[in-house]
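J.: The structure's right below; bear with me while I get my questions together.
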Amino acid sequence: MTPTEAQQTGKWIASVQLSTGAIPWFEGGHLDPWDHVQAAMGLATAGFVDEAVAAYDWLRHAQRPDGSWGRKYWPGTDDDGVEEPETDANYCAYLATGLWHLELLGVDTRPFFETLERAIDVVLELQVGDGPIAWARGVDGKVAGECLVTGNSSIAFSLRCAARLAERWGHPRPHWEHAADAIAAALAQRPELFTPKPRFSMDWYYPVMTGVLDGDAAAARLDERWDEFVVPGFGTRCVTVNPWVTGGETLELVLALVRAGRTEAAAALYADIQHLRDPDGAWWTGLVYNDDKRWPVEQSTWTAGTALLAHDALTGTTPAAGFMGR
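Below you can see the structure in the form of structure tokens.
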């Protein structure tokens, strides 16, 4: 994207954002806290900082008394909008990633300290022993029996972001960093603790994107399944079983490649996925490439947000461009 096109994408996300600060998946749609943060980071990257702060304010006001959020919301409804009240650990942790990104852009995020600490407490309550994090907790308090590779990779990164923020704010929380170390060690050394989801590309590249694997280990992982997931000229499959490339997975893989030092491959993949971008700046979610049909037929704010993060990682436009590698 050119700088003008990046601005168009940021403006498009802002056009979908509600007056409350909530960012639905698409106009008139639902939201979840993780994708809400992803879209907010896109806004901040494109210079829509006030809108990004409003998005984090929405999370602060929507946070439940126990420090968590639900998995799915219909914003703008008369009640609290919660459709799926279960707690997803990764969704709760991801606030830290968004706030660290905002902090690197020069925004004072200290007003969100209490919100962040309460959210991280929820995440650590779901830690299994001194290792991985169970992926969810039901409304009955029952903790899910599965720990997921993608979710734990993301949580480990978020915990490191949270620890950096706490240190910068003058409220060190070294146990957050220690928890991240324990999760990363489990991912690298004890795969039997996790429920594998091998048909999903996220399980493949997330340990690289989030820094759980680095150096030769990261390179080996990327090489291992590259031909299964990457479709030349189109992008990255979401799953191995369907001829379907998606913007979110492709653009996150761009971030993983940049972190692994494969900038040429990252730039080529970014060019390939431009077929999902509309001239007004919106991004389609995916394409069934053997039929040349967009599916689902929706333009998603979180895909647009990830496009802006990947663009920044490739161009180094903002002070937060390297946030995935810090």
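Residue numbers for the sequence shown follow our numbering, beginning at -14 and rising by one. We put the beta carbon where it would ideally sit given N, CA and C, even for glycine.
1) Assuming the contact rule is C-beta atoms closer than 8 Å, Gly218 and Thr235 should be a hit. Round their C-beta distance to whole Å, please.
2) Just the C-alpha distance for Asp125 and Pro176, rounded to the nearest angstrom, thanks.
3) Please report the residue range of the alpha helix (DSSP H) in which Glu36 lies.
4) Pull up the DSSP beta-bridge partners for Arg317, would you.
5) I'd like the span of the alpha helix (DSSP H) that includes Val67, first residue to last.
6) On the DSSP letters alone, give me the boundaries of the beta strand (DSSP E) that Leu272 sits inside.
7) CA-CA distance, Val239 and Leu254?
8) Quick check: what's the CA-CA separation for Ala323 versus Ser4?
9) Suppose you measure from the CA of Leu207 to the CA of Gly266; what does that come to, to the nearest Å?
10) Indicate the three-state DSSP secondary structure (helix, strand or coil) for Ile8 in the structure shown.
11) What three-state label does DSSP hand Gln319 in the structure shown?
12) Return the Cβ separation of Phe308 and Leu172 in integer angstroms, given the expectation that the two are a contact with Cβ distance under 8 Å.
13) Could you check whether Ala24 and Thr286 sit closer than 7 Å to each other, using their CB atoms as the reference points?
14) Give the straight-line distance between the Cα atoms of Tyr190 and Ala251, rounded to the nearest whole angstrom.
15) Span of the alpha helix (DSSP H) holding Val134?
16) Does the count of Cβ pairs from the region 128 to 138 and the region 50 to 68 closer than 8 Å reach three?
17) I believe Leu178 touches Pro117 by the beta-carbon criterion, under 8 Å. Please report the beta-carbon distance rounded to the nearest angstrom.
18) Going by CA-CA distance only, name the one from Glu249, Leu87, Arg279 that's closest to Arg262.
19) Considering Cα atoms alone, identify which of Phe214, Thr288, Leu242, Thr195 is closest to Gly232.
20) Should Glu213 be labelled buried (16 or more other beta-carbon atoms within 10 Å of its own) or exposed?
21) So, helix, strand or coil for Lys278, using DSSP?
22) I'd like to check one pair, Ala37 with Gly6: are the Cβ atoms closer than 7 Å?
23) Can you tell me whether Thr235 is helix, strand or coil according to DSSP?
24) Just to check my reading of the structure: Ala76 and Pro9 have Cβ atoms closer than 8 Å, yes? What is that Cβ distance to the nearest angstrom?
25) In its own chain, which residues sit with a C-beta less than 7 Å from the C-beta of Val230, not counting the 5 before and 5 after it?
26) Report the CB separation of Ala165 from Arg149 in whole angstroms; it is logged as a contact under 8 Å.
27) In the DSSP assignment, find the alpha helix (DSSP H) that holds Trp211 and state where it starts and stops.
28) Alpha carbon to alpha carbon, how far is Lys57 from His15?
29) Cα-Cα, which of Val108, His21, Val1, Ala170 is closest to Ala78?
T.: For this structure:
1) Contact annotation, Gly218 with Thr235: C-beta distance approximately 12 Å; criterion of less than 8 Å not satisfied.
2) Per the coordinates, the alpha-carbon of Asp125 lies some 29 Å from the alpha-carbon of Pro176.
3) Annotation: the continuous alpha helix (DSSP H) that includes Glu36 extends over 34 to 47.
4) With the chain covering only -14 through 311, there is no way to say anything about residue 317.
5) For Val67, there is no enclosing alpha helix (DSSP H); the residue is found in the beta strand (DSSP E) stretching over 67 to 69.
6) For Leu272, the enclosing beta strand (DSSP E) begins and ends at 271 to 273.
7) Between the alpha carbons of Val239 and Leu254 lies a distance of about 7 Å.
8) The requested residue 323 is not part of the displayed model; the chain covers only -14 to 311.
9) One C-alpha to the other measures close to 30 Å.
10) DSSP places Ile8 in the coil class of the three-state scheme, outside both helix and strand.
11) Since the first residue shown for the chain is -14 and the last is 311, residue 319 is missing from the structure and cannot be characterised.
12) Actually they are not in contact, since the Cβ atoms of Phe308 and Leu172 sit about 21 Å apart, beyond 8 Å.
13) Going by C-beta atoms, Thr286 is nearer than 7 Å to Ala24.
14) Counting only the Cα atoms, Ala251 lies some 13 Å from Tyr190.
15) Run containing Val134: 134 to 154, per the alpha helix (DSSP H) assignment.
16) When C-beta atoms of the region 128 to 138 are compared with those of the region 50 to 68, fewer than three pairs fall below 8 Å, so the two segments do not count as touching.
17) The pair is a contact, with the Cβ atoms about 5 Å apart (cut-off 8 Å).
18) Comparing alpha carbon positions, the residue from Glu249, Leu87, Arg279 closest to Arg262 is Arg279.
19) Answer by Cα proximity: Thr288.
20) The residue is exposed, with fewer than 16 neighbouring Cβ atoms inside 10 Å.
21) In the structure shown, the three-state DSSP call for Lys278 is strand.
22) If you check the CB distance, Gly6 and Ala37 do not come in under 7 Å.
23) Thr235 falls in the helix class under three-state DSSP.
24) At residue 76 the sequence reads Tyr, which differs from the Ala that was named. Rounded to the nearest angstrom, the Cβ distance from Tyr76 to Pro9 is 15 Å, too far for a contact under 8 Å.
25) Contacts found: Val216, Phe219, Gly220, Thr221, Arg222, Gly271, Leu272, Tyr274.
26) 11 Å between Cβ atoms; not a contact.
27) Per DSSP, the unbroken alpha helix (DSSP H) holding Trp211 starts and ends at 200 to 214.
28) Distance between the alpha carbons of Lys57 and His15: 7 Å.
29) Answer by Cα proximity: Val108.
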